[in-house]
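Going left to right, the sequence shown walks through residues 673 to 952 as my numbering numbers them. Every residue, glycine too, gets a C-beta built ideally from N, C-alpha and C. The next block holds one structure in the form of structure tokens; read it before the comments.
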Amino acid sequence: MASFEEKERREEGRKPLWRTSEGRMREVSPLSRREGEDRLTGYEPHPAQEKKDRPREAARLSGSYGDLAVGTDRKKQLTLVVSKRRSREGPAATRDEKALRASGARKMERVRGEFFTNPHDPEQSALAFRSPDKPAPGRMLGQFQRMMHGRAQEVLAEQVPFLDRRPEREALKALGERADDLRARGGAEARAELGALERRRQALRQSLTEKAAQQRKVRLMLQKAREESKRRAGESEPPRRYWLLTAAPAGEEPPPEEPENTPDLPEEPAGDGGERPEKK
Numbered sequence: 673m674a675s676f677e678e679k680e681r682r683e684e685g686r687k688p689l690w691r692t693s694e695g696r697m698r699e700v701s702p703l704s705r706r707e708g709e710d711r712l713t714g715y716e717p718h719p720a721q722e723k724k725d726r727p728r729e730a731a732r733l734s735g736s737y738g739d740l741a742v743g744t745d746r747k748k749q750l751t752l753v754v755s756k757r758r759s760r761e762g763p764a765a766t767r768d769e770k771a772l773r774a775s776g777a778r779k780m781e782r783v784r785g786e787f788f789t790n791p792h793d794p795e796q797s798a799l800a801f802r803s804p805d806k807p808a809p810g811r812m813l814g815q816f817q818r819m820m821h822g823r824a825q826e827v828l829a830e831q832v833p834f835l836d837r838r839p840e841r842e843a844l845k846a847l848g849e850r851a852d853d854l855r856a857r858g859g860a861e862a863r864a865e866l867g868a869l870e871r872r873r874q875a876l877r878q879s880l881t882e883k884a885a886q887q888r889k890v891r892l893m894l895q896k897a898r899e900e901s902k903r904r905a906g907e908s909e910p911p912r913r914y915w916l917l918t919a920a921p922a923g924e925e926p927p928p929e930e931p932e933n934t935p936d937l938p939e940e941p942a943g944d945g946g947e948r949p950e951k952k
């Protein structure tokens with residue numbers, strides 16, 4: 673049987689796809705209009721849908737293996753689309769994996785909101801999520817996370833792995849229990865294994881930190897799309913008064929700074945990564 677150290681070396685020798693330079697998603701410029709038509713990466717609109725009512729790409733995260741894009745429409749609804757380009761060790765993505773076709777999409781009732789996939793092999797299909805109640809970015813991301821947790825683990829790990837922190841939390845819990853046993857046993861062999869175990873725990877904590885950073889990118893992307901949806905609907909933010917860094921006019925004081933209203937992303941159950949437990 674392979675030793676603990678051998679198993680750890682094999683696991684550390686191959687980074688998860690999302691942590692590689694190719695797999696990590698980065699913000700890119702949104703698709704521009706073409707021939708007067710709005711476009712959204714990974715989304716094929718219904719032919720009968722009016723061009724002016726189709727979702728327009730507002731922001732996108734892109735990697736070598738797939739895209740996460742968000743579009744807006746004139747009703748100020750946001751549509752979040754996950755699509756695939758290719759696999760790490762496999763053929764190029766199929767048509768169903770590359771784009772959601774609105775003309776034949778199947779609606780799934782998993783969480784509050786509208787979740788669509790192509791009917792053939794829905795687990796591997798490109799997918800779209802639309803929330804009808806126009807939530808704040810943090811809340812919409814939380815809804816999207818809960819929806820994605822309903823998909824198969826291997827599919828989630830390939831499409832948007834940074835949305836799921838359960839593997840790290842579970843591994844940290846198991847390693848913590850193993851560390852307790854080793855400390856109780858004592859001895860040189862136990863101390864050696866504890867050293868390897870601690871290196872693994874540090875790597876898992878780093879993975880949690882990187883996933884949190886990726887989630888912040890998605891939340892900022894949704895915030896940008898929300899602002900774009902207001903502009904598209906003909907709305908604008910109320911004008912703000914900006915004060916120069918000089919003395920205020922006599923008898924008048926600068927207004928206090930306005931707090932941000934965007935809620936934080938809902939926390940998931942705690943593990944050894946310092947997170948708060950999930951509310952049931």
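Nearest to residue i by CA position, among the options, is which residue?
i              : options                        : result
arginine 837   : Met893, Ala771, Ala885         : Ala885
alanine 798    : Met697, Glu709, Glu716         : Glu716
serine 901     : Gln749, Arg888, Thr713         : Gln749
alanine 905    : Asp739, Ser734, Arg746         : Arg746
lysine 723     : Arg705, Ala868, Arg872, His792 : Arg705
threonine 751  : Asp725, Asp852, Leu869, Arg758 : Asp725
arginine 898   : Ala864, Arg811, Ala851, Ser879 : Arg811
arginine 891   : Phe788, Arg855, Phe834         : Phe834
proline 809    : Lys889, Glu861, Leu712, Gly859 : Lys889
arginine 841   : Asp805, Arg863, Lys883         : Lys883
arginine 863   : Ala851, Arg872, Gln874         : Ala851
leucine 712    : Ser701, Arg728, Val700         : Arg728
methionine 780 : Met893, Ala720, Ala730, Phe816 : Phe816
valine 827     : Arg873, Pro794, Leu876         : Pro794
arginine 626   : Ala730, Arg802, Leu854, Pro702 : Since the first and last residues shown for the chain are 673 and 952, residue 626 lies out of range.
Check residue i in the structure and name its three-state DSSP category.
i             : result
glutamate 722 : coil
glutamate 795 : coil
valine 827    : helix
arginine 698  : strand
arginine 850  : helix
arginine 913  : In this prediction, arginine 913 has a pLDDT of 45, which is less than 50 and means its spatial position is unreliable; what the coordinates show is noted afterwards. Here arginine 913 sits in coil by DSSP.
leucine 880   : helix
arginine 773  : strand
arginine 837  : coil
arginine 705  : coil
glycine 906   : coil
alanine 862   : helix
lysine 806    : coil
valine 832    : coil
From the DSSP secondary-structure annotation, give me the bridge partner or partners of residue i.
i                 : result
phenylalanine 787 : Met780, Phe801
glutamate 712     : Rather than glutamate, the amino acid found at residue 712 in this sequence is leucine. Paired residue(s): Tyr715.
Evaluate residue i with the Cβ neighbour count: other Cβ atoms within 10 Å of its Cβ, from every protein chain shown; 16 or more gives buried, anything less gives exposed.
i             : result
arginine 732  : buried
glutamate 849 : exposed
arginine 698  : exposed
threonine 881 : exposed
lysine 770    : buried
alanine 960   : No answer is possible for residue 960: it lies beyond the span of the chain, which begins at 673 and ends at 952.
leucine 813   : buried
glutamate 709 : exposed
alanine 777   : buried
lysine 806    : exposed
alanine 720   : exposed
Unbroken beta strand (DSSP E) runs of length 3 or more, entirely within the stretch 724-769: which are they? 728-734, 738-744, 750-756
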